[in-house]
Every structure is written in C-alpha cells, then in structure tokens.
Amino acid sequence: MGTNEVLGKDATSEASLARIDMKLEAVVIPVSDVDRSKTFYGNLKWRLDADFAFDNGFRVVQFTPPGSSCSIQFGTKVTSAAPGSSHSLYLIVSDIEAARIELVARGVTVSEVFHPGTPGAHLQPHGSSGRVAGPAPDHLSYRSYATFSDPDGNGWLLQEVTTRLPGRVDPAATSFGSASDLASALRRAAAAHGQHEKRIGQPDSNWPDWYAAYMVAEQAGEKLPS
C-alpha cells in the first residue's frame, strides 16, 4: 500500500469524525486556607457556584469571574500542587484602568498598569526591568497589563483586549460578557464613527448599522469599517 493511499484513508477517517466541542470550563488553583480564599474571591464579587464538602475531607469551591465562561476551583484534596504556585492566570478586560480601579475599591493590591518593553516582560515578576509604566501607546489591544495575587500568592494577570486578532472569535457569533463590556464597545464604535463622519463630510443617519458592523468586525478581528 502506497503512502498516498494511507494518507488518503487517514484523511477520510478524520473527515468522518463528528466534531466535539471541548470547552475549558474550570481551572484548579492551589490554596492553603479554603475559607480565606473563599472570602477573598467572594469580596471580588465573583459568582459562587459551589461549595461541596464530603465525609472523606474532600471539599471543592467554585467561583466564576463576571462575564467569564471559565471558572476557578479550589478546596481540600483537590490538587497536590503547592499553594500559591499558579501564576499568570489571565483575566481579559475591555478597559484595564476601570478594571484596576474596581479591584482596588474592593481592597485588592493591584500593580500599576504597564506594558511590556521587551517580549514576555508581562510574565516576569513584579518590578522586572522589561515592564514599562503606563498602558500601551494608543491602548493597543493585547498590550496593556496589571497584576494582583490572592492571599496564597496565586498570580492574576489583567490583559486589555479591545480588538481580537483574526480567527480568535467565531465571526458568526457576537456576544458581550457584561453591560460594561458592551458600553465600552459602543464608546469605541462612537469614536470611530465620529472619524467616519469627518471623512464623509456629513452626518451619517445610518449610524446604527455602522455601529453594528464595527462592533461585530472588532470582536471577530476582521477589517473595521471606515
């Protein structure tokens, strides 16, 4: 049997398989004091989904950040990892300054907003020389960060994303995780539409359709209307 024939059979077999969605829905973080961690994440106003305890000492607590489709779990007999050993857990936000202000208001110690001066600097420890103070120039998407930790030292990384790179979002589905995310998208569309009206030299009465096209293209990482 020739190589091409084998490859052809493999491709046919692959094509016949049903596509099964595999959704990342929970990430386990290691903690030393379950109740302390429950209080911390509760104070962030993350949604408490579960707190199940069993006779053998197993206990699992689950929280979900606002607008997130992925949750965190911690507890006792949940993981053998050392408490505080999870780092660079990404939290994607549409407005990093607003997200930082909200966390600080809830009593969390958060770094100042920064952007990486060298590749990978955002993943380095706080105080690393590669971090440049302030958001990325023009708030370039994917480039502005801030960090904070839970009581055990598990590290969280806020990342501002406003325009997705191509292929990161299904273009057939546009959704917003919260009212604030939708409001931020509307403000960006309004600013872009203002520039659009300057270019055409007159008010655009069809602004609802223009806004909609802009917001869908921005989230899907496609070419923005001009």
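Going by our numbering, the sequence shown runs without a break in its numbering and finishes at 212. Heads up, the beta-carbon is just placed ideally off N, CA and C, and yes, glycines get one too.
Per DSSP, Gln110 has no beta-bridge partner at all.
Under the 8 Å Cβ criterion, the segment 5 to 20 counts as touching the segment 66 to 80, having at least three qualifying pairs.
Cβ contact annotation for Thr160 (same chain, cutoff 8 Å, sequence separation greater than five): Met201, Val202, Gln205 and Ala206, in chain order. The alpha-carbon of Leu34 is positioned some 23 Å away from that of Asn42. The C-beta distance from Glu146 to Asp81 rounds to 7 Å, short enough to meet the 8 Å contact threshold. Taken through DSSP and simplified to helix, strand or coil, His101 comes out as strand. For Ala198, the enclosing alpha helix (DSSP H) starts and ends at Trp193 to Ala206. With respect to Phe100, Val118 sits close: the two C-beta atoms are nearer than 9 Å. Spanning the alpha carbons of Arg174 and His182 requires a straight line of approximately 12 Å. Looking only at Leu143, Ala171 and Trp32, the smallest Cα-Cα distance to Arg150 is reached by Ala171.
Annotation for Asp190: His179, His182, Glu183 and Trp196 place their beta carbon closer than 8 Å to its own, counting only its chain and skipping 5 residues before and after.
When Phe44, Val14, Trp193 and Asp7 are compared, the shortest CA-CA separation from Thr50 is found for Val14.
Out of Val94, His108, Ser114 and Gln110, the CA that lies nearest to the CA of Asn29 is found in Val94.
Residue environment analysis places Tyr131 among the buried positions, since at least 16 neighbouring C-beta atoms fall within 10 angstroms of its C-beta. Annotation for Asp81: no alpha helix (DSSP H) segment contains it, and DSSP assigns it neither H nor E.
In the structure shown, the three-state DSSP call for Tyr128 is coil.
If you draw a straight line from the Cα of Glu11 to the Cα of Pro137, it comes to about 23 Å.
In this structure, Leu210 lies away from Leu143, with their beta-carbon atoms at least 9 Å apart.
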